[in-house]
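Colleague:
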Amino acid sequence: MNSQQQQALALAAVFEAATLADQIATSGDCDHAAMEALLDGVMTMEATDFDTIYPRPALFRNGLRLLRQSLNREQTRQAARPLSYSLALLHLSSKLRKNSDVISILRHRLIALEGQRQHFQGGTTNVTFCHRLAGIYLDTLGTFRFRIRVQGEPARLQDEDNAARIRALFLAGVRAAFLWHQLGGRRWRLLFQRKQQLEILERIKFSEL
187 MNSQQQQALA LAAVFEAATL ADQIATSGDC DHAAMEALLD GVMTMEATDF
237 DTIYPRPALF RNGLRLLRQS LNREQTRQAA RPLSYSLALL HLSSKLRKNS
287 DVISILRHRL IALEGQRQHF QGGTTNVTFC HRLAGIYLDT LGTFRFRIRV
337 QGEPARLQDE DNAARIRALF LAGVRAAFLW HQLGGRRWRL LFQRKQQLEI
387 LERIKFSEL
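Positions 187 to 395 (this note's numbering) are the ones given, in order, by the sequence shown.
#1: Checking 9 angstroms against the spacing of the C-beta atoms, do LEU282 and VAL200 come in under that value?
#2: Starting from CYS316, trace the alpha helix (DSSP H) in both directions and tell me its first and last residue.
#3: Return the chain-ordered list of same chain residues with a C-beta closer than 6 angstroms to the C-beta of LEU278, the five sequence neighbours on each side being excluded.
#4: Here's the rule I'm using: 16 or more other beta-carbon atoms within 10 Å means buried, otherwise exposed. How should ASP325 be labelled?
#5: If I measure Cβ to Cβ from ASP208 and keep anything under 6 angstroms in the same chain, skipping five residues before and after, which residues do I get?
#6: Does the stretch 292-301 come close enough to the stretch 330-337 to have 3 or more Cβ pairs within less than 8 angstroms?
#7: Identify, in the order they occur along the chain, each residue of the same chain with its Cβ nearer than 7 angstroms to the Cβ of ARG375, setting aside the five sequence neighbours on each side.
#8: Could you work out which residue in LEU273, ARG351, GLN304 and ARG242 is closest to ALA223 when comparing CA atoms only?
#9: Might you give, ordered along the chain, the residues of its own chain that have their beta carbon closer than 7 angstroms to the beta carbon of ARG318, omitting 5 neighbours on each side?
#10: Can you grab the Cα-Cα spacing for the pair ALA220 / ASP287, in whole Å?
#11: Quick check: the Cα distance between GLN302 and GLY227, rounded to an integer number of angstroms?
#12: Report yes if the CB atom of CYS316 is closer than 9 angstroms to the CB atom of ALA354, and no otherwise.
#13: Quick check: the Cα distance between ARG380 and ILE352, rounded to an integer number of angstroms?
#14: Where do the N-terminal and C-terminal ends of the alpha helix (DSSP H) with TYR271 fall, by residue?
#15: With DSSP run on the structure shown, which of helix, strand or coil describes ARG342?
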């Protein structure tokens, strides 16, 4: 897998996080394997190598599909919400990159949580672990004036566990966006090099991942 494909898959991880958050907001459930892959990535803040952060990129199929729809400008009602979340996560990531104090707090909080990780049965998708990640999200990214407004079923959104999982996924999405930028990803390329970006996506074969 070349660097361009890694960059595309990092962006697909952003879109996957948004897709899973939307699934929880509307149905109360999501793909647990994909969620675990994303949340595991959050716990590798010090890593910059794609394969170390996301050893199972084939789980980001839905994110890749949404990314492809976005680049093709295929407008569907179902994709509108996760697409808006994806763009919001990219924006939050850009805010984070400019704030070294918040980055430092985020890093220290995640390192502390990593030290407690073994005590959570079920790994990073453990609901208590998600609450911890959600708390980190609120104390760091949640301090920015920019907010992501989540839409969905009121009963799902009022559930505290669902809210925690959504915030944990948003933290994962920002982590993926951070990596995307580190790998050379830029938003202007999505606007002015759509054809080239689509060609890169088409060359990604999940059977080879």
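We put the beta carbon where it would ideally sit given N, CA and C, even for glycine. Nothing here was measured: the structure is a model prediction, and the numbers come from that model.
Modeller: According to the data block:
#1: Your numbering for residue 282 matches position 96 in the sequence shown. Your numbering for residue 200 matches position 14 in the sequence shown. Going by C-beta atoms, LEU282 is not nearer than 9 angstroms to VAL200.
#2: Position 130 of the sequence shown, counted from the first residue, corresponds to residue 316. That run of the alpha helix (DSSP H) goes 313-325.
#3: Start at 1 with the first residue of the sequence shown, and residue 278 comes out as number 92. Apart from the 5 residues on each side of it in sequence, LEU278 sits with its Cβ closer than 6 angstroms to the Cβ of LEU327 and VAL360 in its chain, given in chain order.
#4: Translated into positions along the sequence shown, residue 325 becomes position 139. Counting Cβ neighbours within 10 Å, ASP325 comes out exposed, since fewer than 16 surround it.
#5: Counting from one through the sequence shown, the residue named residue 208 turns up at place 22. Only residues of its own chain outside the window of five on either side were considered, and among them ARG267 and PRO268 have a CB closer than 6 angstroms to the CB of ASP208, listed in chain order.
#6: Judged by Cβ distances under 8 angstroms, the stretch 292-301 makes no contact with the stretch 330-337, as fewer than three pairs qualify.
#7: Numbered from 1 along the sequence shown, position 189 holds the residue referred to as residue 375. Answer for ARG375: GLN383, listed in chain order.
#8: Here residue 223 refers to the residue found at position 37 of the sequence shown. Put simply, of LEU273, ARG351, GLN304 and ARG242 the residue whose alpha carbon is nearest the alpha carbon of ALA223 is ARG242.
#9: By 1-based counting over the sequence shown, the position of residue 318 is 132. Here ARG318 has LEU299 as same chain residues with Cβ atoms under 7 angstroms from its own Cβ, once five neighbours each way along the sequence are excluded.
#10: One-based indexing of the sequence shown puts residue 220 at position 34. One-based indexing of the sequence shown puts residue 287 at position 101. Roughly 30 angstroms between the two C-alpha positions.
#11: Numbered from its first residue, the sequence shown carries residue 302 at position 116. Numbered from its first residue, the sequence shown carries residue 227 at position 41. Looking at the two C-alpha atoms, the distance is approximately 16 angstroms.
#12: Along the sequence shown, read from residue 1 onward, the residue named residue 316 stands at position 130. Along the sequence shown, read from residue 1 onward, the residue named residue 354 stands at position 168. Contact flag set, yes.
#13: Against the sequence shown, residue 380 aligns to sequence position 194. Against the sequence shown, residue 352 aligns to sequence position 166. Cα to Cα, ARG380 sits roughly 29 angstroms from ILE352.
#14: As a working mapping, residue 271 is identified with position 85 in the sequence shown. From DSSP, the alpha helix (DSSP H) with TYR271 extends over 263-283.
#15: The residue you call residue 342 lines up with position 156 of the sequence shown. In the three-state scheme derived from DSSP, where H, G and I count as helix and E and B as strand, ARG342 is classed as helix.
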